[in-house]
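For reference, the structure is listed below as structure tokens.
In the working numbering, the protein residues as written are 288 to 334.
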């Protein structure tokens with residue numbers, strides 16, 4: 288369970304980093320990152 292949580296956080300950080308690289312659509316990307324972040328939070332709170 289701990290490794291899964293670690294992997295999910297790595298994916299979330301990588302997603303945010305990728306969104307930061309896409310500066311053309313920074314607002315859209317940040318909105319998507321927030322959506323993914325809250326989705327991961329729901330998964331983590333269930334585990």
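Where is the CB? At the ideal position from N, CA and C, for every residue including glycine.
- Ignore the nearest five residues each way along the sequence and tell me which others in residue 303's own chain have a CB closer than 7 Å to its CB. Counting from one through the chain shown, the residue named residue 303 turns up at place 16. If we look at residue 303 and ignore the five residues flanking it on each side, its Cβ neighbours are 320.
- When burial is assigned at 16 or more other CB atoms within 10 Å of the CB, is residue 306 buried or exposed? The residue you call residue 306 lines up with position 19 of the chain shown. Burial call: buried.
- Message: I'd like the list of long-range same chain contacts for residue 330, defined as Cβ closer than 8 Å, with 5 residues on each side in sequence excluded.
- Response: The residue you call residue 330 lines up with position 43 of the chain shown. Correct list, in chain order: 295.
- Assigned secondary structure, residue 331 (DSSP; H/G/I helix, E/B strand, else coil): Counting from one through the chain shown, the residue named residue 331 turns up at place 44. Here residue 331 sits in helix by DSSP.
- Message: For residue 300 and residue 324, what's the separation of their Cα atoms in angstroms?
- Response: For the purposes of this step, residue 300 is taken as residue 13 along the chain shown, with counting starting at 1. For the purposes of this step, residue 324 is taken as residue 37 along the chain shown, with counting starting at 1. Cα to Cα, residue 300 sits roughly 9 Å from residue 324.
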